Amino acid sequence: MDSNHSTHHVVPAKVFALVLGFLLVMTFLTVIFHNMHLGALAAPVAFIIATTKAVVVMAYFMHMKYDTLINKIIFGTAFFFVALLCIFCVLDIFTRIPVQSTL
Amino acid sequence: MSTDNTAHAGKHHFAHHFKSAEHEYEASKQGIWLFMATEILMFGAIFVAYGIFHALYPDMFAEGASHLDWKMGFINTCVLLLSSYTMAMAIQSLQSKQGKKAVPYLAVTILCGAIFMVIKYFEYTHKFHMGIYPGKWFQYEGAQHSNLALYFSFYFVMSGLHGIHVLIGMSLITWVMIRAMRGDFDEHYYTPVEGVGLFWHIVDLIWIYLFPILYLIG
């Protein structure tokens, strides 16, 4: 590993300003779509916008774009296990409960 | 083995069990990323539970969300996004040898956290006045769905756990701000600011999801 400290990637201040602007625009979009009452599409649209914002925050504010592979894997693992938890809970509840539960 | 701490003008010397300052920085940051992974696991489990109950009782969750003022959530989202920006800029100033700018950036970050908590306080007290409390203390009379308390249990647990994170984050930023004022950090050493910054961005990241699911979709 390079021991020279000056090798840390420094993101230009302008990029952070652009990122903030993008995030605020996306927040406005969420609210605009919400007030359009999209019905069944409302949840997926809000979720896609939120995920776009989250990815930008992780990539730039958290410097993940310039981080080591191992740190990306560590963080990604958490999302993998949350997805696993979600899949098995959904499989269980939505196959069993409609058949035999009083819920 | 080369020791490069003599090449640095900064006051910080890396601990003897690391082979270089960079090694210490990378190891510390990796520890923070592991901690961040546990944060995702903790909040992730609650999000999964929310998703499943929402799918079981969509009308009841819609009623719950209608009791929240999306304008409050919207302002709080903007405030937290701004605070994430100032946090990132505090680190950027340190990295680009303009360490003096870091202190005002950190101060604005703390201020944004405080604004967020004040808005949350008004939202919570408004709910309490209506008899909307978490769990078994729920005593709101006008509920159309008999299990509306479930929605507000999610609301209080999710936003409450998030609020605790905001308070902890504000304390940690105060700590690094005091150290920055003391001149502990420069372009060679800013590891604590980086670690606290990652934590603060996670707080923002979780709110990015909490805002639409609690206030908008319901």
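Protein sequences, first through last, are from chains A and B. Throughout, this note's numbering is defined as the position within the first sequence, counted from one, plus 1244. Throughout, this note's numbering is defined as the position within the second sequence, counted from one, plus 2. No residue lacks a Cβ here, since even glycine has one placed at the ideal position from N, Cα and C. Note that this is a predicted model, so its numbers are computed, not measured.
Suppose you measure from the CA of Tyr59 (chain B) to the CA of Ile1337 (chain A); what does that come to, to the nearest Å? 13 angstroms
**Prompt:** Listed from N- to C-terminal order along the chain, which residues in the segment 1260-1294 of chain A have their beta-carbon within a distance smaller than 8 angstroms of any beta-carbon of chain B?
**Reply:** Phe1260, Ala1261, Val1263, Leu1264, Leu1267, Leu1268, Thr1271, Thr1274, Val1275, His1278, Ala1286, Ala1287, Ala1290, Phe1291, Ile1293 and Ala1294
- Query: What's the C-alpha gap between His1252 (chain A) and Leu200 (chain B)?
  - Reply: 16 angstroms
Item to complete: Can you give me, in chain order, the residues of the segment 36-70 of chain B that have a beta carbon less than 9 angstroms from any beta carbon in chain A?
Response: Leu36, Met38, Ala39, Thr40, Glu41, Ile42, Leu43, Phe45, Gly46, Ala47, Phe49, Val50, Ala51, Gly53, Ile54, His56, Ala57 and Leu58
(Q) Is it the case that the segment 1267-1278 of chain A contacts the segment 1286-1293 of chain A, given that we only count it when at least three CB pairs across the two stretches are under 8 angstroms? (A) yes
#### Entry: Contact list for Phe1324 (chain A) against chain B, beta-carbon separation under 8 angstroms
The premise fails here: Phe1324 (chain A) is roughly 10 angstroms from chain B at the closest Cβ pair, so nothing lies under 8 angstroms.
For chain A, is any of its Cβ atoms less than 8 angstroms away from the one on Trp139 (chain B)? no
- From Glu196 (chain B) to Leu82 (chain B), what does the alpha carbon distance come to, in whole angstroms? 18 angstroms
inquiry  = Only counting the same chain, and skipping five residues up and downstream in sequence, which positions put a Cβ closer than 8 angstroms to that of Val205 (chain B)?
reply    = Leu82, His164, His167, Val168 and Gly171
Original post:
Ends of the alpha helix (DSSP H) at Asn149 (chain B)?
Top reply: No alpha helix (DSSP H) holds Asn149 (chain B); DSSP gives it neither H nor E.
Practice problem: Measure the C-alpha to C-alpha separation of Phe187 (chain B) and Met38 (chain B) and round it to an integer number of angstroms. | Solution: 23 angstroms
When you compare the CB positions of His15 (chain B) and Met1306 (chain A), do they come within less than 8 angstroms of one another, or not? no
#### Entry: Neighbour-count burial assignment, Met62 (chain B), 16 or more Cβ in a 10 Å radius
buried
Any C-beta of chain B under 8 angstroms from that of Met1245 (chain A): Bear in mind that a pLDDT of 41 at Met1245 (chain A), under 50, signals an unreliable position, so the number given afterwards is only what the model happens to contain. Closer than 8 angstroms to some Cβ of chain B, the Cβ of Met1245 (chain A) qualifies, so yes.
| request: Report all residues from its chain with a CB closer than 6 angstroms to the CB of Thr193 (chain B); omit the five preceding and five following residues, and keep chain order. | output: Tyr27 and Ser30
Quick one: does Lys1309 (chain A) have its CB under 8 angstroms from some CB of chain B? no
Requested in this report: Assign Leu1282 (chain A) to one of three DSSP states: helix, strand, or coil.
Outcome: coil
Q) Taking the alpha-carbon positions, what's the His147 (chain B) to Gln94 (chain B) distance? A) 50 angstroms
- Query: Does any CB atom of chain A fall closer than 8 angstroms to the CB of Asp186 (chain B)?
  - Reply: no
Practice prompt. For Glu189 (chain B), count neighbouring Cβ atoms within 10 angstroms of its own Cβ and tell me buried if that reaches 16, exposed if not.
Written response: buried
| Closest residue to Leu96 (chain B) among B:Val50, B:Lys73 and B:Tyr191 (Cα-Cα distance) | B:Tyr191
Quick check on DSSP: helix, strand or coil for Leu70 (chain B)? coil
Under 8 angstroms Cβ-Cβ, which residues of chain B neighbour Leu1313 (chain A)?
Within 8 angstroms Cβ-Cβ: nothing; Leu1313 (chain A) doesn't reach chain B, min ~11 angstroms.
What do you get for Ala92 (chain B), buried or exposed, if any count of 16 or more other CB atoms within 10 angstroms of its CB means buried? buried
- Message: For Leu1335 (chain A), would you say it is in contact with chain B, using Cβ-to-Cβ distances shorter than 8 angstroms as the test?
- Response: no
inquiry  = Only counting the same chain, and skipping five residues up and downstream in sequence, which positions put a Cβ closer than 7 angstroms to that of Lys1309 (chain A)?
reply    = Ala1303
At which residues does the alpha helix (DSSP H) containing Met44 (chain B) begin and terminate?
Ala23 to Leu58
Check your understanding: From Phe1332 (chain A) to Phe1325 (chain A), what distance separates their C-alpha atoms?
Key -> 11 angstroms
Pull out every residue of the segment 72-87 of chain B whose Cβ sits closer than 8 angstroms to any Cβ of chain A, in chain order.
Trp72, Phe76, Thr79, Cys80, Leu83, Leu84, Ser86 and Tyr87
Gln32 (chain B) touches chain A at which residues, Cβ-Cβ below 9 angstroms?
Thr1312, Ile1314, Asn1315 and Ile1318
**Presumed contact (8 angstroms Cβ cut-off) between Ala1294 (chain A) and Tyr211 (chain B), rounded CB distance** = 5 angstroms
Taking the C-alpha atoms as reference points, what is the distance between Asn78 (chain B) and Ile1341 (chain A)?
37 angstroms
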